[in-house]
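> Right, I'll just put the structure down here and ask away after.
Number of protein chains: 2
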Amino acid sequence: MIAINQQATKRVLAQAQQQCLALGSKLTTKRSQVLEGLLVAAKAVSAYELTDVCRDKLGYDLLPMSVYRILEFLENNQLVHRLNTSNKYIACSHITCDHEHQPPQFLICKTCDRVEEVEVPTPIMESVAKATRKAGFTLASSHLEIECYCNDCDAPGAAI
Amino acid sequence: MIAINQQATKRVLAQAQQQCLALGSKLTTKRSQVLEGLLVAAKAVSAYELTDVCRDKLGYDLLPMSVYRILEFLENNQLVHRLNTSNKYIACSHITCDHEHQPPQFLICKTCDRVEEVEVPTPIMESVAKATRKAGFTLASSHLEIECYCNDCDAPGAAI
DNA sequence: ACTATGATGTTATAATATAGCGTTTTCGAG
DNA sequence: CTCGAAAACGCTATATTATAACATCATAGT
């Protein structure tokens, strides 16, 4: 859960602004609105779902095509992550940090789309990279997506 | 590369037949054709691409909807894997083995869709599962999909 | 042979995503 | 300040991936 209240959201958006400037681009109004939509969603949502969130919860009128373009921009500026596993998007949970991070590992609840972004321990990632090289491949992305069930959503068929 | 020739393909299909029977289901003609299509593709393909492969390379006339249904069946019978990362399907590379395997780790070339199915070392998977539990999640699937570039497809932007 | 079940055919439609191009905005050079 | 280029955005069309729903066909057990 990133944005617990309006104030926190504002702070994240301000920091995102800075982060963009540092990368030589700008967080325009629309882009900020899309990011705000992701923050209030507080879970992974598809581009189309995000237009609904922006309209229904924030009153922002955005077209899906614009949302796609903006999501791509935000991803390039390390403000959002695209989850290939579910074709959904989520705000980066580290926007307000300054320091470098380990490669992220996403725990994605298959039922409710809640996502926790944890850090992959370096030795794990090294081991994965090693197995990859050994097989004649080169890592393309250094994040892992793990399909899970969160504690609020019981795993189907699990007796426990 | 699973099926290097027609003979090997036949052997895999025969084994798949057995595997289905053991699970109380049947590998019908159509299902066998879809699996054969995946074997000759020798890489990850989408359901629609697979209908093209079956038609153009094997002369089998299959509708995409049937292919989806059959892929679902084959997946339930552990004969194919669905790669969530790319929305493509690939034949399981262990059909002709009898023994149990470790959770698979798929190395997927983003450029050419070549896939190697390697085994995730147990300690790695345990470490991932541990981090998952610690965050209040339960693993839903025990396979990892790793986006890579294979040696035939140079990584874009890589100077080396 | 009859019937229940599973398998397949068929049509429609939903959900996700990209292409292409015209218009508007922004912003620095002159 | 204004002009022109580049970036951002609006808009339409269309490609790609996937599911739903129901009809028909095949097959096995009685």
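Protein chains in written order, with numbering that gives the first Met the number 0: chain A, 0 to 159; chain B, 0 to 159. The beta-carbon is built from N, C-alpha and C at its ideal position, and this holds for glycine as well.
1. Count the other CB atoms within 10 Å of the CB of residue 96 of chain A; is the residue buried (16 or more) or exposed (fewer)?
2. With respect to the beta strand (DSSP E) encompassing residue 87 of chain B, which residues constitute its N-terminal and C-terminal limits?
3. Would you mind sorting residue 103 of chain A into buried or exposed? The rule is 16 or more other CB atoms within 10 Å of its CB.
4. Work out the CA separation of residue 145 of chain B and residue 41 of chain A for me, nearest whole Å.
5. Nearest to residue 108 of chain A by CA position, among A:141, A:21, A:89, A:119, is which residue?
6. Starting from residue 42 of chain B, find everything on chain A with Cβ-Cβ shorter than 7 Å and list it in chain order.
7. Could you give the distance in angstroms between the alpha-carbon of residue 114 of chain B and the alpha-carbon of residue 43 of chain B?
8. How long is the line joining the alpha carbons of residue 106 of chain A and residue 62 of chain B, rounded to whole angstroms?
9. Could you say which of A:46, A:54, A:57 lies nearest to residue 80 of chain A if we only look at CA atoms?
10. Taking 9 Å as the CB-CB cut-off, is residue 146 of chain A touching chain B?
11. Examine chain B for any beta-carbon lying closer than 9 Å to the beta-carbon of residue 123 of chain A, and answer yes or no.
12. What separation, rounded to the nearest whole angstrom, lies between the Cα atoms of residue 120 of chain B and residue 140 of chain B?
13. If residue 34 of chain A sits next to residue 49 of chain A, beta carbons under 8 Å apart, how far is it from one beta carbon to the other, in whole angstroms?
14. So which residues of chain A does residue 120 of chain B contact, with C-beta pairs closer than 8 Å?
15. Which residues in the same chain have their Cβ closer than 7 Å to the Cβ of residue 73 of chain A, if we skip the five residues on either side of it in sequence?
16. Only counting the same chain, and skipping five residues up and downstream in sequence, which positions put a Cβ closer than 7 Å to that of residue 84 of chain B?
17. So what does DSSP say about residue 106 of chain B, is it helix, strand or coil?
18. Starting from residue 149 of chain B, trace the alpha helix (DSSP H) both ways and give me its first and last residue.
19. Hey, could you find the ends of the beta strand (DSSP E) residue 82 of chain B is sitting in?
20. Please report the distance separating the alpha-carbon of residue 94 of chain B from that of residue 71 of chain B.
21. Please list the terminal residues of the continuous alpha helix (DSSP H) segment that includes residue 8 of chain B.
22. Classify residue 76 of chain B as buried or exposed, calling it buried when 16 or more other Cβ atoms lie within 10 Å of its own Cβ.
23. Report the rounded CA-to-CA distance for residue 52 of chain B versus residue 39 of chain B, giving the unit in angstroms.
24. Does the Cβ of residue 116 of chain A have 16 or more other Cβ atoms within 10 Å, making it buried, or fewer, making it exposed?
25. Can you list, in chain order, the residues of its chain whose CB lies under 8 Å from that of residue 10 of chain B, leaving out five sequence neighbours each side?
26. Tell me whether residue 20 of chain A is buried or exposed, calling it buried when 16 or more other Cβ atoms sit within 10 Å of its Cβ.
27. Going by beta carbon distance, what residues of the same chain come within less than 6 Å of residue 124 of chain A, once the five residues before and after it are set aside?
28. Where residue 138 of chain B and residue 138 of chain A are concerned, what is the direct C-alpha to C-alpha distance, given to the nearest angstrom?
29. In terms of residue numbering, what span does the beta strand (DSSP E) encompassing residue 95 of chain B cover?
A quick look at the data gives this:
1. Exposed: under 16 other Cβ atoms inside 10 Å.
2. 87-90 is the extent of the beta strand (DSSP E) around residue 87 of chain B.
3. Residue environment: residue 103 of chain A is assigned as buried (16 or more neighbouring CB atoms within 10 Å of its CB, all protein chains considered).
4. 26 Å
5. A:89
6. What residue 42 of chain B touches in chain A: nothing, since even the nearest Cβ is about 13 Å away.
7. 7 Å
8. Between the alpha carbons of residue 106 of chain A and residue 62 of chain B lies a distance of about 36 Å.
9. A:46
10. yes
11. Yes, residue 123 of chain A lies at the interface with chain B (some Cβ there is under 9 Å from its Cβ).
12. 16 Å
13. No, residue 34 of chain A and residue 49 of chain A are not in contact; Cβ-Cβ is about 10 Å, not under 8 Å.
14. 126, 130
15. Within the same chain, residue 73 of chain A has close Cβ partners 30, 33, 34, 79.
16. 107, 144, 146
17. strand
18. Residue 149 of chain B -> not in any alpha helix (DSSP H); beta strand (DSSP E) instead, spanning 143-149.
19. 79-82
20. 16 Å
21. 5-21
22. buried
23. Spanning the two alpha carbons is a distance of roughly 8 Å.
24. Buried, because 16 or more other Cβ atoms sit within 10 Å of the Cβ of residue 116 of chain A.
25. 95
26. Looking at its Cβ environment, which holds fewer than 16 other Cβ atoms inside 10 Å, residue 20 of chain A is exposed.
27. 102
28. 23 Å
29. Residue 95 of chain B -> no beta strand (DSSP E), and no H or E assigned at all.
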